[in-house]
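Everything in the sequence shown is counted per full-length UniProt numbering, starting at 1 for the first residue and increasing by one.
Heads up, the beta-carbon is just placed ideally off N, CA and C, and yes, glycines get one too.
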Amino acid sequence: MCQGRQRSISPDHRLSTNRRPSNDNAAVVEYLRGQLAETEARLQRIRAREAELSRRLQEMKRFLSVMEILDSYIKRRFHEQRETVLRVLSSVPTRSELPNR
1 MCQGRQRSIS PDHRLSTNRR PSNDNAAVVE YLRGQLAETE ARLQRIRARE AELSRRLQEM
61 KRFLSVMEIL DSYIKRRFHE QRETVLRVLS SVPTRSELPN R
C-alpha cells in the first residue's frame with residue numbers, strides 16, 4: 001500500500017458529491033412526473049374517444065332498430081296492398097268472361 005499523504009475529504013467535497021445524486025434523482029423524478037402527466041393526458045384523451053365511440057355506437061344501434069321497424073312496417077303494408085290489389089283484380093271479370101256485344 002502507499003504510505004503517502006492521504007487527502008482529507010473536506011465537508012464541501014462530501015456535500016457536492018451528495019448533491020450530484022440528489023440532482024440526478026430530482027431530474028429523474030421530474031422526468032417521470034412529465035411522463036406520468038403525458039400518460040394521464042393520453043389516457044384522458046383515449047377515455048374521451050372511447051366515450052364518443054360508445055355514444056355513436058348506441059346512436060347507430062337506435063338508428064338500426066328504427067330502420068328494422070320501418071322495414072317490417074313497409075313489408076307488411078306492401079303485402080296488405082298486394083292482397084288488396086289481387087282481391088280487386090280477381091273480382092273484375094276478364095275479357096273472355098265479358099258478354100259479347
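Cβ neighbours of N100 in the same chain (closer than 7 angstroms, five flanking residues each side left out): Within the same chain, N100 has no close Cβ partners at all.
Pairwise C-alpha distance: Y73 and A96: Sequence inspection shows Ser at residue 96; the Ala mentioned does not correspond to that position. Approximately 38 angstroms, taken between the alpha carbons.
DSSP state of V92 mapped onto helix, strand, coil: When secondary structure is reduced to three states using DSSP, V92 falls in the coil class, being assigned neither helix nor strand.
Rounded separation between A41 and S65 - CA only: In this model, A41 and S65 are separated by some 36 angstroms (Cα to Cα).
Secondary structure of M1, DSSP reduced to three states: The predicted position of M1 is uncertain, since its pLDDT is 48 and thus under 50; no value can be drawn from it.
Local conformation of P21 per DSSP, three classes: Reduced to three states, the DSSP call for P21 is helix.
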